[in-house]
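Below is the structure:
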């Protein structure tokens, strides 16, 4: 009887030992698994940080390029609707100068004129003062005889896309019978000014020019 109990005790002790060994293996594997999960989390966090930094760097580069492009175009204007049958830049500069003097009653210095299309020219002016003189007097072209000529800013691609969206909104509002004026980065509807917000990428009401209650 004692021999049987001793044998059973040995077997039980062996089973307990095996169970403890299994538990040690289990906890070891669990720790290793947790360590692996933590490493993956850290790697993902590092990867996300690197992605965020890269995204910020690309965005900063885009903003710098946009700023440089705006500065390069700052003193330029684009004339549309004026038929000039030559690509010679000296003749173009002389023709545009004569046109502005005759139709707008202004005389400005012109650095260069580049023909962009059959009735479209890029006019490069030397400074902001000359550009401002042209833009302030462009309304006189409404009275030009036998032709419709328009003068606008030399816009960046982003500005062109924004103006396209503003014109679309203006067209929709005009179809509703509202009085609409489309300007650079803004839209005036029945006397109320809406300005383009770059952050929200949409037109928002502006206190500029709006009547106070």
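Residue numbers (our numbering): 21 to 233.
All C-beta atoms in this analysis are idealised placements derived from N, C-alpha and C, irrespective of residue type, glycine included.
Identity of the residues DSSP links to residue i by a beta bridge
{"i": "residue 106", "result": "According to DSSP, which records beta bridges pairwise, residue 106 is partnered with nothing at all."}
{"i": "residue 138", "result": "DSSP output for residue 138 lists no bridge partner at all."}
{"i": "residue 209", "result": "200, 212"}
{"i": "residue 222", "result": "217"}
{"i": "residue 143", "result": "97, 133"}
Sequence-distant residues of its chain with Cβ nearer than 7 Å to residue i (five each side left out)
{"i": "residue 121", "result": "127"}
{"i": "residue 147", "result": "95"}
{"i": "residue 198", "result": "209, 210"}
Neighbourhood of residue i by C-beta distance below 6 Å, restricted to the same chain and skipping five residues each side
{"i": "residue 111", "result": "none"}
{"i": "residue 89", "result": "176"}
{"i": "residue 103", "result": "139"}
{"i": "residue 169", "result": "101, 102, 161"}
{"i": "residue 172", "result": "98"}
Sequence-distant residues of the same chain with beta carbon closer than 8 Å to residue i, five excluded per side
{"i": "residue 233", "result": "With a pLDDT of only 44 at residue 233, under the threshold of 50, the placement of this residue in the model should not be trusted; the figure read from the coordinates follows. There are no such residues."}
{"i": "residue 109", "result": "132, 133, 134"}
{"i": "residue 40", "result": "none"}
Whole-Å CB distance - residue i paired with residue j, under 8 Å assumed
{"i": "residue 135", "j": "residue 95", "result": "Between residue 95 and residue 135 the Cβ distance is about 19 Å, and since that is not below 8 Å, they are no contact."}
{"i": "residue 214", "j": "residue 160", "result": "Residue 214 to residue 160, Cβ: 27 Å. No contact."}
{"i": "residue 209", "j": "residue 193", "result": "5 Å"}
{"i": "residue 216", "j": "residue 206", "result": "7 Å"}
{"i": "residue 87", "j": "residue 174", "result": "About 15 Å; that fails the 8 Å criterion."}
{"i": "residue 234", "j": "residue 182", "result": "In the structure as shown, the chain starts at 21 and stops at 233, and residue 234 therefore has no counterpart that could be examined."}
{"i": "residue 151", "j": "residue 145", "result": "5 Å"}
Boundaries (first-last residue) of the alpha helix (DSSP H) holding residue i
{"i": "residue 157", "result": "148 to 157"}
{"i": "residue 96", "result": "Residue 96 -> not in any alpha helix (DSSP H); beta strand (DSSP E) instead, spanning 96 to 100."}
{"i": "residue 188", "result": "177 to 195"}
Opening and closing residue of the beta strand (DSSP E) in which residue i lies
{"i": "residue 172", "result": "170 to 173"}
Any non-hydrogen atom of the ligand ZN within 7 Å of residue i CB
{"i": "residue 75", "result": "Looking at this structure, you won't find the ligand ZN or any other ligand, since it has none at all."}
Any C-beta of chain E under 8 Å from that of residue i
{"i": "residue 146", "result": "Of the protein chains in the structure, only one exists, and it is not chain E."}
Would you call the region 214 to 227 and the region 178 to 191 touching, i.e. three or more CB-CB distances under 8 Å?
The region 214 to 227 makes contact with the region 178 to 191, as at least three CB pairs between them are under 8 Å.
Are at least three pairs of beta-carbons, each pair with one atom in the region 70 to 89 and one in the region 130 to 147, less than 8 Å apart?
Here the region 70 to 89 makes no contact with the region 130 to 147; the two share fewer than three CB pairs at distances below 8 Å.
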